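Encoded as structure tokens, the structure appears first; notes follow it.
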RNA sequence: GGAGGGGUUCCCGAGUGGUCAAAGGGAUCAGACUGUAAAUCUGACGCGAAAGCUUCGGUGGUUCAAAUCCACCCCCCUCCA
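Numbering (the working numbering), first residue to last: 2 to 428.
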């Protein structure tokens, strides 16, 4: 099913995964005429990658499947600076310790998708701190800085609003980010003969900067591919739910929550996301779309997408768990859950809050579980008939969770609204 | 260093002495309708059961009364040096 080296760009184009190509047909020839080395950088800006940032990483995997050698670069250096591209304001610098910690978290995440043991085109993991931390200031300014024209830099679309718009500004620190990323490309060319950089479409300016610098410092032509940022058809921000960002770390976003996130994708987006996030062929995806069109009611695509992505990120165990919880909760048959099922729900990552000390009033419980952010909101939810306990509608703010009624002697399954569940566990 | 503009509740943004917990929009949440959609409609949206309490960059002050006036300080932007 892997695309042959001949058509990786065509496959990406068919998946609408190409935003811009630096190099055009020459790049296509370059990729089809042999196994090349391709890199994509990820800055440590949080404890985990989120679903949006994983698209370029999957593209890197697609390159590897097509026979090329991928380099996943961790921005241990650039993460200390902060990329200003299309950001509306200057960001707070993170401390060295924090960035270092995030670098460590990022390593396994980047590694999990790529094959590091497949001979010639095995993946490589690098950190740009390795070639920047000991570079002396004067040397850097003379060797690298001299190749950049400030006149050209301030023309870049990615920093335009920071420079032109009143009320915004940009520090020299962030402004110089481009030099570092450009230098990365030149270094990777030198060290690994890396000739292609992949990045989000917001990285265009940084990528072309690297192409120019590599030409000047290494006298060689290299190329770039940008991947569109994932958007939603309704214009809202992709990758967020009521509980916040959807992370790829199972500790931060449970497989169940991830599965639910994809299951709730809008019809208008789901086929595009299948192309972005699954390794199903474009033909297979089109067949799904066709079959959905011909059938009534709920589409199947969301379920397929949810299954594909959950399995990709958390393996078949994660997927099974996510499905099991989803089936149990949304079948409406909460009373039918066995004791083992309940224990399993907790293990599978359904949010759970532990209580001690006997019966508790519903308002207090809602606040303690974060299902309501204040007593007032808790009362309002109850007033709106939005709260369920063990499948029963709560109709009074005086309702008490009576431990003698707990499922399996300790659990209460709380539901707020239509699809937000939480376990209360009494000990 | 100088001149000017600005910092309002999650975001944008009105408010220039009482009628202000603070217009309007967005986001968010809940309900109805549905497919655990979309669109639409309804409601909520600082805390508190309430009385009331705490908010408008910070600190002090004027006043019966301040987001609004005064002083000092901090931060951001633009232009000049």
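From the three backbone atoms N, C-alpha and C, an ideal C-beta is built for every residue, glycine too.
If you're wondering where the values come from, they're calculated on a predicted model, not measured in any experiment.
Burial is judged here by how many other beta carbons sit within 10 angstroms of a residue's own beta carbon; residue 151 has fewer than 16 and is exposed. Burial state of residue 254 is buried, judged by a 10 Å Cβ sphere holding 16 or more other Cβ atoms. Relative to residue 180, the option among 154, 171, 288 whose CA is nearest is 154. Distance between residue 354 and residue 208, taken at the CA atoms: about 46 Å.
Per DSSP, residue 354 is one residue of the beta strand (DSSP E) stretching across 353–356. For residue 186, the CB contacts under 6 Å within the same chain, skipping 5 residues up- and downstream, are 198, 211, 215 in chain order. Under the three-state reduction of DSSP output, residue 46 falls in the coil class, being neither helix nor strand.
Every beta strand (DSSP E) of 3 residues or more that sits fully in the stretch 364–428 is shown, in chain order, as 388–390, 412–417, 421–427.
The C-beta distance from residue 415 to residue 372 rounds to 6 Å, short enough to meet the 8 Å contact threshold. When only Cα atoms are considered, residue 76 and residue 23 end up about 22 Å apart. Around the Cβ of residue 110, a 10 Å sphere holds 16 or more other Cβ atoms; the residue is buried. Shortest Cα-Cα distance from residue 123 to any of 37, 410, 388, 56 involves 37.
In this structure, the straight-line span from the alpha carbon of residue 201 to that of residue 32 is close to 19 Å.
In this structure, the straight-line span from the alpha carbon of residue 286 to that of residue 189 is close to 36 Å. In the structure shown, residue 136 falls within a coil segment according to DSSP collapsed to helix, strand and coil. Residue burial is scored here from C-beta neighbours: residue 328 has fewer than 16 other C-beta atoms within 10 angstroms and is therefore classed as exposed. Scanning 79, 94, 11 for the CA closest to the CA of residue 133 turns up 79.
Separation of residue 229 and residue 52 (C-alpha to C-alpha, rounded to the nearest whole angstrom) is 14 Å. Non-local beta-carbon contacts of residue 62 in its own chain, meaning distances under 8 Å to residues more than five positions away in sequence, involve 71, 114, 115 in chain order. Annotation for residue 45: 80, 100, 103, 104, 107 place their beta carbon closer than 6 Å to its own, counting only its chain and skipping 5 residues before and after. The Cβ atoms of residue 277 and residue 19 do not sit closer than 7 Å to each other. Using a 10 angstroms sphere on the CB of residue 405, the tally of other CB atoms stays under 16, which defines it as exposed.
Under the three-state reduction of DSSP, residue 360 is assigned to coil, being neither helix nor strand. Around the CB of residue 386, fewer than 16 other CB atoms lie within 10 Å, so the residue is classed as exposed. Comparing alpha carbon positions, the residue from 396, 263, 379, 225 closest to residue 60 is 225. A residue is called buried when at least 16 other Cβ atoms come within 10 angstroms of its Cβ; residue 119 does not meet this threshold and is exposed.
The bridge partners DSSP lists for residue 70 are 38. Nearest to residue 160 by C-alpha distance, out of 323, 149, 178, is 178.
In the DSSP assignment, residue 25 falls outside any beta strand (DSSP E) and within the unbroken alpha helix (DSSP H) covering 25–33. In chain order, 214, 217 place their CB closer than 6 Å to the CB of residue 148, counting only its own chain and leaving out the 5 sequence neighbours on each side. Around the CB of residue 322, 16 or more other CB atoms lie within 10 Å, so the residue is classed as buried.
Cβ atoms of residue 401 and residue 363 come within 8 Å of each other, at about 7 Å. Counting only the Cα atoms, residue 246 lies some 27 Å from residue 413. As for any alpha helix (DSSP H) of minimum length 4 sitting wholly inside the stretch 155–241, the runs are 158–165, 173–176, 178–193, 205–219, ordered along the chain. Cβ-Cβ distances below 8 Å link residue 428 to 355, 356, 357, 411 in the same chain, with the five nearest sequence neighbours on each side left out; the list follows chain order. Considering only 299, 144, 417, 344, the residue with the shortest C-alpha distance to residue 389 is 417.
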